[in-house]
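Residue numbers (my numbering), protein chains in the order written: chain A, 891 to 1251; chain B, 891 to 1251; chain C, 891 to 1251; chain D, 891 to 1251.
See structure below.
Number of protein chains: 4
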Amino acid sequence: MSNTFGKIFRLTSFGESHGKAIGGIIDGCPAGLELDMVQIQKELDRRKPGQSRLTTPRKEEDQVAFYSGVFEGKTTGTPIGFVIQNKDQRSKDYSEIKNVYRPSHADYTYDAKYGLRDYRGGGRSSARETAIRVVGGAIARQVLAVKGISIGAYVQRIGPVALEQDIAFEDIALSENSLVRCPVSNISEKMEAAVQTAIAEKDSLGGVVAAKIIGLPAGLGEPVFDKFHAALGHAMLGINAVKGFEIGSGFAAAEMNGSVHNDAFEVQDEQVRTKTNHSGGVQGGLTNGEEVLFRVAFKPVATIGQVQQTVSNEKDPVEMAAKGRHDPCVVPRAVPIVEAMAALVTVDMLLRNQTSRIDQL
Amino acid sequence: MSNTFGKIFRLTSFGESHGKAIGGIIDGCPAGLELDMVQIQKELDRRKPGQSRLTTPRKEEDQVAFYSGVFEGKTTGTPIGFVIQNKDQRSKDYSEIKNVYRPSHADYTYDAKYGLRDYRGGGRSSARETAIRVVGGAIARQVLAVKGISIGAYVQRIGPVALEQDIAFEDIALSENSLVRCPVSNISEKMEAAVQTAIAEKDSLGGVVAAKIIGLPAGLGEPVFDKFHAALGHAMLGINAVKGFEIGSGFAAAEMNGSVHNDAFEVQDEQVRTKTNHSGGVQGGLTNGEEVLFRVAFKPVATIGQVQQTVSNEKDPVEMAAKGRHDPCVVPRAVPIVEAMAALVTVDMLLRNQTSRIDQL
Amino acid sequence: MSNTFGKIFRLTSFGESHGKAIGGIIDGCPAGLELDMVQIQKELDRRKPGQSRLTTPRKEEDQVAFYSGVFEGKTTGTPIGFVIQNKDQRSKDYSEIKNVYRPSHADYTYDAKYGLRDYRGGGRSSARETAIRVVGGAIARQVLAVKGISIGAYVQRIGPVALEQDIAFEDIALSENSLVRCPVSNISEKMEAAVQTAIAEKDSLGGVVAAKIIGLPAGLGEPVFDKFHAALGHAMLGINAVKGFEIGSGFAAAEMNGSVHNDAFEVQDEQVRTKTNHSGGVQGGLTNGEEVLFRVAFKPVATIGQVQQTVSNEKDPVEMAAKGRHDPCVVPRAVPIVEAMAALVTVDMLLRNQTSRIDQL
Amino acid sequence: MSNTFGKIFRLTSFGESHGKAIGGIIDGCPAGLELDMVQIQKELDRRKPGQSRLTTPRKEEDQVAFYSGVFEGKTTGTPIGFVIQNKDQRSKDYSEIKNVYRPSHADYTYDAKYGLRDYRGGGRSSARETAIRVVGGAIARQVLAVKGISIGAYVQRIGPVALEQDIAFEDIALSENSLVRCPVSNISEKMEAAVQTAIAEKDSLGGVVAAKIIGLPAGLGEPVFDKFHAALGHAMLGINAVKGFEIGSGFAAAEMNGSVHNDAFEVQDEQVRTKTNHSGGVQGGLTNGEEVLFRVAFKPVATIGQVQQTVSNEKDPVEMAAKGRHDPCVVPRAVPIVEAMAALVTVDMLLRNQTSRIDQL
C-alpha cells in the first residue's frame, strides 16, 4: 500500500521524473461534486518549477488530463484517473548520476532495496511525483469547501530568516504575492536575500512551512493510532525533504508547564471553545473545532553546485558537483504540496467520521 | 482501521481505563519465534505507574495473559490474543468528571464525535491503553532481535532541563538506573529536581524522548507515502500527549545549508556508509543502514492540582482542580512506549520488505 | 490482514480450539447503539455443539464476556473486545493427531505453511473459531435492525435430501423448530433420517444452506472488485467446509437464456422493482432493493469413524479412524454462522455507502 | 478500497466504457522482473471483442501503454501505471439508454447509489473495465512463472451444452483453437451451434468457465477469513455477470458422503500428496500442492434484441429492444479474465506468504 494514501478518499500515485508520464487514481470521492477544473490546474501551477528567478528555470508545463470519474462536470463516484505527461524527457546524458550515489539523495537506498533503479532525474524519488498529490489535494479541497473547511499554508522560515508573528488565516493568501510565499513583505525580502546568497555560494537552504485548517467540525480523527495529527504528520513526513512535524505548541510544549499549556474551555456563541490554542485544534487525537495549526520542517536541498565527496555503485570514491541550475530552496514550492496533503488527510477524516454515530446513519 | 496498527505485523487494541480489561490481537507475527514471556512482562513493568516517588502512586499490577497464537513456547503464525485485567476498577465517584470537560483532555472531543463517552478515568483516551502497545512492541522486538535490530530510547528533556550531548546506543541502557530515564546522572538529577518543583507547585512538565534504532539493513521503508520516518512519525504522534516528531537533524535542518547538511558517502569495511548522519538513517524514505535517530516532544500533563476554568457538558462555566496525586511528568514512563511503537513500525517495514525483489522470493 | 474481516465495521479474531480462550475485537461499530446482550448470547447458543442427538454431544457452554466498547448499555464507538473461555481444555492424549495428517483436514497445510501447528483439537483450523464470528454478526445484526434490515438462513439440503420449494422470509424462522434447521417439517424429517443413517455408517454428510437478506436499500456494494455478492461470497467461502457459493440464479443461470433470466423492471408503490429476481437482489454488484438470495455448499465433515488411509508427518503410511462421537453433519449448526457472516458483510457495505454522495454528507 | 484489488500485489483500476481512457496502477510488483510486453498485449488480444463471428463485431484495438515502473525492460519496484485509450468514443445517440433502466443491467442501481451515472455504453459497469484486469493479470502471471506456477481456463458449459470430462492442464491450451474456447472439438462445435441459435433468436446464453492452477507450493492462503479459495471466489464474483463459484467438488460435495469425499494422503516422490482431489487443491483454506480446480458460472448476457418491458428513470413503463449486434455469449471472452483474476489472487497470496515463518525471513 506504499503508493496509496487514505482509507476512504484514496489517492494512488505512479510515475517517475523522466518516464513517459506521471498520474494517479482518486478512489472514494463522493458523487455529485461539481469539479472546478480551472482551480485544479491553478494549484498545479503553484507547484511547478520555474515560477521565479529563485527557483529552477526548468519549465514544466504540467497539464493534467482527466480520463474517468467525471461526467458532465460532476464526479460520478467512480475512480478519477488522471495523467500528466512528462514533456521534457529527451534522452540526456545520465552516465554520471547512473553510477554515483549522490549525497543525501535516494540513489543508494533505492539500489539497496530494489537491486536497480530508474536513475533518470531521480526517478520515483524525484519531487516531480508531488504534482500528483497536488491534483489529489485540489479535488479534496473542493469536497472540503462544500463543508466550509479551508486550508492555508505559508513559508515561516527559510534558513536563518524566520517569521515569528502569528498570521491570521485570511492573511495567508498574501503569501501568493511573495516570491518565497511569505505573507509579511519585509520578512519575505530577507528570505529572498538569503536565497540569493545561497545561489551565489552554490549552496542550498532549508526552511519551515506553517499551515492552518479552519472550519473543521469537532470530532474528526480517530482515537489511538489514527489521531488527526498523527495522520497529518504521516502525510507531511511523506513529502520529500521533510525532517520534522509539530502540531500546536509542538516542541515548545516540552518546555512548558501544564498550568500554562492547558487550553481553558469557555462558551462563545453557544459553542464550546478554548481560550488559547496550544493544542493546535486537536485534543485526544480529535479536532475540537479550533484552528488546526501545524508546522513542517524541510532540510536544505541535497543537490548543490559545490564539489562533494561520495562513492560510486562500485564502491569507489568519487567527487561530484551538480551541473546546471537547481532549486536552491524548495520550501516556497512546498507550500501547495503541504496544503494538498493536509486536504487529503482532512477529507479522509471527514469521510471516516460519517459512520461514527448510529443516530446519524 | 483506527484501532489497528501496521500492514503485515498488525496490532489491534481494545480497552478503556476502567472497563473490565484491556487487550489486543497481534496478527501477522511469523511462526516459529520462541517467545520470551519474562521479557514481555518486564517491558510492561517499565511502563507501569507507581515505579518511583516521581510518578503516580497508583499501583497497576499489569499482568498480561496470552490466550492464543503461542504453542509450546513458540508463535504459531496465528493471531496472538492477550488480555490485561483492570484490577483497580472499583466504582468511584465520577460525578464531577462525568459532567465536566477537563481542559486539554479528550472529554469534549469524544462527546462531540460519539455523542457519549465512558468518562471513568478517561475511558479510551486514557494512557492506560498504551500498555497494549508495549505488549505488541515487546513481541515485535523479539522478531527484530532475530535479525540483529535493536531499539533504545531515553529522556532527553524534561521541562527546562535538557541533555545536549549525543548518547551512544550502548549507553542508553544507563537510563534504566535513573528515576527519569536519563542516562547521564547529573542531568538526571536536575530533571528530578524539576519534577519535584512541579509537584510542589501542583503543576506538570513536558519533555522530549530521544530514540535510536540500530542494526537495520538498508532499504526498509516505502517510497512516497510510507517513508520509514513517516510511518515512525505516525506511530509517535499517535502516543498520548505527543506534539512533535523529528528525524535526524529535524527542525534544526531548516536552518542549515545543504553543504553542511549533506551526508557524504564513503566505504567502510566494504559497506557504503555516511560520514555524518543528519539524515537520521533514512534517505529518500528508506533506511540507509546508519542509526535511525528520532525525537518525540511531549506536552505537559493536562491533569494538574491547580484550579482551572472550564465548562460543563451543559455549557456552564465551572472551576475544577484535580484531586489526589497524578503523574506530574509522563515522559519517563513514555520511554518504553516510544520503543514499543518504534518496534512495531520497524518489524512491519522489515516484513513489508520481504517482497521487494523478485530474486529474493 | 488475514484475521480481520471488513473495511469499516471490522472484526478481528483470535483463538485456537484448545487454547485458553477465543475472542475478538469489533472496531468501527457506530456509537450509541443499545446492545441487547441476551440476543447475542442466544445467537451463540444457536451455534453451540450438543444441541441435539444429531450433533456432537460435547457441551460447550460458550459464555461471551465483553471487556470494552460498551458503557451503560450502549456502544461507545471504541473497540468492543470480547472473550469466550475454552472450558473443555483438559490435557487429552493428542499423540495420534499430533503426528498424523488427517485426510481433508488442515493438519498438513498448516505444517507446510508455518513449520509447526497447535494440533490440539485442530487448533486454529477448528470450527470453534466461528463462535467469534457469531458474536460479531450478532452485533452487526443489531445495527442492521436499526435500518430495518434482516437476515435469515435455513438448511436447503443435507446429502441426498433437498428442499426444492422457495421459502418466504417470514417462514425461515420455522427452521428453529427443526433439529436440522429445515423449515418444512416433512423434509426436515427426511434430513434427520439421512443423518441417522450416516451416524450408523460412521460416515458424514454435506449440505446446502440457503439465505435471504431483506430490507436493503438500493445501492449497497461497490462496483468492480467489491460487488455486494463478491464480498458475500468471500465471507461464505471463508467458513469452514464451504465449497461453493451462488447468488440468485447461480449455476442454474449458466443454462438459461437471457430472455428468461432478465428481471424486467416495473413500478410498484412508486418504487422501481423487478418482476422476477434471478439477479438475487444484486445488479451490477449493487443491491437493487429486492431480496438478496444466496446459497452456500458445505462438504461432508472430514472426521469420520471409518478407517482411512493417510500419512504421518514423517511421511509414513498410517491407518486412522476418528474416536468418540463427532458431528456427522455440520450444516444445521452452520446456519447461524452463515447469518453472522452475511450480517458482517451487510453492515460493512451499509457503512461504506455513507460516503457515496456529496449531497448526503 | 472498492477499486483496488489485492493486499501486497495491488491493482487499482479506473475508467468508463466511453470515457477518454481506462487504465490502472499495479503497486507492489517485485523489482527485477523482466517484463514480456508482447505477452501482455497477447493476453489483451484474447479478451478483445470482435475475435470471431460469434462475438460482437465492434473492433476494439486495445493497445496498452506503460507509463512508469519499468526501466530497461525490468520492473523497478515502483508502481506500474498504464493506460488504454478508448478509441471508439464518438458521440453516439444515447438518448434512449440515458433515461431507461435496462433489465438486469446496472443502470438503476448506479443511479440509486450515486444519484447520477455516466450512461454512455454502461460507463463503469461495462465489461470494458476488465481489460485492465487482464493487463494486471498478465504481469502477475509473469511473476508466477518465475516460481513455476501456471494458470489455465476454458469454457466448460455454454447454455445447454456441457463438457463433462476432466481436462488435463496441458490440454487446456487446445481451447485457443476453438471459437468458444472449449478444448474438445466436438463439444466446441455443439457450443458454437447453440450460440448461433441464440443469435438467430435474438437471445443470449450463459455458461461456465473451469480453471486450474498448477505448480503451487503447499501453504498459500490465509486461515479463517482469507482462505485461498475465499480470495479466489471474491475475485471471480467480482467479474461482470458471474453468479456462482465453486472449488473442487463444489456444490456436488453437498450430496457426497465424507468417506467418499475425503482425499486420502499418500507419499509420492517423497512428497505428501492426495490420492483424489475433491478438495480442489485447498485444505483448511491453504493450498496443499495439488492442482487448484474451480468453476465460475456466468449468467446469460442481459443485452438482447428481443423486446423487453422496463421502466424509465421517471418511473414510466417503457418497451425496449437492443439495437445493433451484441455478444450473445461472453463466456469465451471471459476465459482470459478468469485467468487474470486467478493470477492476481495467486501472486498476492504468494507474496503474503513470504513472511509466514521466522526462519525464512
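Each residue gets a CB set at the ideal place from its N, CA and C atoms; glycine is no exception.
Remember, it's a predicted structure, so these values are computed and weren't measured experimentally.
Inset, instruction - In the DSSP assignment, find the alpha helix (DSSP H) that holds A/Ala-1083 and state where it starts and stops. - result: For A/Ala-1083, the enclosing alpha helix (DSSP H) covers residues 1075-1090.
Legend entry - Nearest neighbour of D/Glu-1082, chosen from D/Ala-1212, D/Ile-1048, D/Phe-1059, D/Leu-1064 [CA to CA]: Looking at the Cα atoms, D/Ile-1048 is the closest of the given residues.
Inset, instruction - Spatial neighbours of D/Val-1099 within its chain, please: CB distance less than 8 Å, with the 5 preceding and 5 following residues excluded, ordered by chain position. - result: Once the five neighbours on either side are set aside, the close Cβ partners of D/Val-1099 are Ala-1043, Tyr-1044, Val-1045, Gln-1046, Arg-1185, Val-1186, Phe-1188, Val-1221, Ala-1224, Val-1225, Val-1228.
Inset, instruction - Enumerate in chain order the residues of its own chain whose CB-to-CB distance from D/Met-1239 is below 7 Å, with the five nearest sequence positions on each side excluded. - result: Annotation for D/Met-1239: Leu-1110, Gly-1111, Phe-1118, Ala-1121 place their beta carbon closer than 7 Å to its own, counting only its chain and skipping 5 residues before and after.
Inset, instruction - To the nearest angstrom, report how far apart D/Gln-929 and A/Ala-1211 are at their CA atoms. - result: Straight across, the Cα-Cα distance linking D/Gln-929 with A/Ala-1211 is about 43 Å.
Legend entry - Among B/Asp-1061, B/Gly-922, B/Leu-1234, B/Arg-1247, nearest to B/Ile-916 - alpha-carbon criterion: Of the candidates B/Asp-1061, B/Gly-922, B/Leu-1234, B/Arg-1247, the one whose C-alpha sits nearest the C-alpha of B/Ile-916 is B/Leu-1234.
Legend entry - C/Pro-1207 - partner residues in DSSP beta bridges: Paired residue(s): C/Val-1201.
Inset, instruction - Give the DSSP-derived three-state secondary structure of A/Lys-988 in the structure shown. - result: Here DSSP, grouped into helix, strand and coil, assigns A/Lys-988 to helix.
Inset, instruction - Label B/Val-1197 either buried or exposed according to how many other C-beta atoms from any shown protein chain fall within 10 Å of its C-beta, with 16 as the threshold for buried. - result: Answer is exposed; the Cβ neighbour count stays below 16.
Legend entry - D/Arg-1215 (DSSP reduced to helix, strand or coil): If DSSP states are grouped into helix, strand and coil, D/Arg-1215 belongs with coil.
Legend entry - Interface flag, B/His-1151 vs chain A, CB-CB below 7 Å: Yes - at least one Cβ of chain A is within 7 Å of the one on B/His-1151.
Inset, instruction - For D/Asn-1243, go through chain A and note every residue whose CB falls closer than 9 Å to its CB, in chain order. - result: Within 9 Å of the CB of D/Asn-1243, no CB atom of chain A is found; the nearest one sits about 18 Å away.
Inset, instruction - Report the rounded CA-to-CA distance for D/Glu-906 versus D/Gly-922, giving the unit in angstroms. - result: As the crow flies, the alpha-carbon of D/Glu-906 is around 32 Å from that of D/Gly-922.
Legend entry - Helix, strand or coil at B/Val-1036 [DSSP, three-state]: DSSP places B/Val-1036 in helix when its eight states are reduced to three.
Inset, instruction - Count the other CB atoms, across all protein chains shown, that sit within 10 Å of the CB of C/Asn-1067; report buried if there are 16 or more and exposed otherwise. - result: Taking a 10 Å sphere around the C-beta of C/Asn-1067, we find fewer than 16 other C-beta atoms and assign the residue as exposed.
Inset, instruction - Have a look at B/Ser-1075 and A/Ala-1058 and give me their C-alpha separation to the nearest angstrom. - result: The alpha-carbon atoms of B/Ser-1075 and A/Ala-1058 are separated by roughly 45 Å.
Legend entry - Within-7 Å CB hit, B/Arg-1247 to chain D: Under the Cβ distance rule, B/Arg-1247 counts among the residues neighbouring chain D, one pair being separated by less than 7 Å.
Inset, instruction - Could you name the residues of chain D that B/Leu-1251 contacts, counting a contact when the two beta carbons are closer than 9 Å? - result: Within 9 Å Cβ-Cβ: Pro-920, Val-1033, Val-1036, Lys-1037, Leu-1240, Leu-1241, Gln-1244.
Legend entry - Coarse secondary structure for A/Arg-1071, derived from DSSP in three states: Coil at A/Arg-1071, not helix or strand.
Inset, instruction - Report yes or no: is there a C-beta of chain B within less than 7 Å of the C-beta of C/Glu-906? - result: By the rule that beta-carbons nearer than 7 Å mark a contact, C/Glu-906 touches chain B.
Legend entry - Residues of its chain near B/Ile-1194, where Cβ-Cβ distance is below 7 Å and the 5 sequence neighbours each way are ignored: Spatial neighbours of B/Ile-1194 in its own chain (CB-CB distance under 7 Å, excluding positions within 5 residues in sequence) are listed in chain order as Lys-1092, Asp-1093, Ser-1094, Ala-1212.
Inset, instruction - Give the residues from the region 955-978 of chain B that approach chain D closer than 8 Å (Cβ to any Cβ), ordered along the chain. - result: Considering only beta carbons, the part of the region 955-978 of chain B lying closer than 8 Å to chain D consists of Thr-965, Gly-967, Thr-968, in chain order.
Legend entry - With 16 other Cβ atoms within 10 Å as the buried cut-off, status of B/Val-1150: Counting of Cβ neighbours within 10 angstroms places B/Val-1150 among the exposed residues, the total staying below 16.
Inset, instruction - Compare the C-beta of A/Ile-1103 against all C-beta atoms of chain C and say whether one is closer than 7 Å. - result: With 7 Å as the cut-off, A/Ile-1103 does not count as an interface residue toward chain C.
Inset, instruction - Report the residues of the region 994-1028 of chain A with a CB closer than 7 Å to any CB of chain B, ordered along the chain. - result: Only Ser-994, His-995, Ala-996, Tyr-998, Thr-999, Tyr-1000, Ala-1002, Lys-1003, Tyr-1004, Gly-1005, Arg-1014, Ser-1015, Glu-1019 from the region 994-1028 of chain A bring a Cβ to less than 7 Å from some Cβ of chain B.
Legend entry - Where the beta strand (DSSP E) through C/Ala-911 begins and ends: For C/Ala-911, the uninterrupted beta strand (DSSP E) run begins and ends at 911-917, by DSSP.
Inset, instruction - Leaving out five residues on either side along the sequence, give the residues of the same chain with a beta carbon under 8 Å from the beta carbon of C/Ile-1253. - result: No answer is possible for residue 1253 of chain C: the residues shown for chain C start at 891 and end at 1251.
Legend entry - Host beta strand (DSSP E) of A/Glu-1156 (start-end): Looking at the DSSP string, the run of the beta strand (DSSP E) that includes A/Glu-1156 is 1155-1158.
Legend entry - Nearest-angstrom Cβ-Cβ length linking A/Ile-1089 and A/Pro-1218, presumed shorter than 8 Å: Correct: roughly 5 Å between the Cβ atoms.
Inset, instruction - Indicate whether at least one CB of chain B lies closer than 7 Å to the CB of D/Ile-898. - result: At least one C-beta of chain B is nearer than 7 Å to the C-beta of D/Ile-898.
Legend entry - C/Leu-923: contacting residues in chain A (beta-carbon distance under 8 Å): Neighbours of C/Leu-923 in chain A, taken as residues at a C-beta separation under 8 Å, are given in chain order as Ile-1248.
Legend entry - Under the three-state DSSP convention, the category B/Gly-959 falls into: The three-state reading of DSSP puts B/Gly-959 in coil, since its state is none of H, G, I, E or B.
Inset, instruction - Use the C-beta contact count for D/Tyr-984: other C-beta atoms within 10 angstroms, 16 or more gives buried, fewer gives exposed. - result: So D/Tyr-984 ends up on the exposed side.
Inset, instruction - Look at D/Lys-977 and D/Tyr-1009 and say whether their C-beta atoms are less than 7 Å apart. - result: Going by C-beta atoms, D/Lys-977 is not nearer than 7 Å to D/Tyr-1009.
Inset, instruction - Would you mind telling me which residues of chain B sit closer than 7 Å to A/Ala-1192, beta carbon to beta carbon, in chain order? - result: Around A/Ala-1192, the beta-carbon contacts reaching into chain B at under 7 Å are Gly-1148, Asn-1152.
Inset, instruction - Give a yes or no on whether the C-beta atoms belonging to B/Pro-920 and D/Thr-1245 are separated by under 7 Å. - result: Taking 7 Å as the cut-off, the Cβ atoms of B/Pro-920 and D/Thr-1245 count as close.
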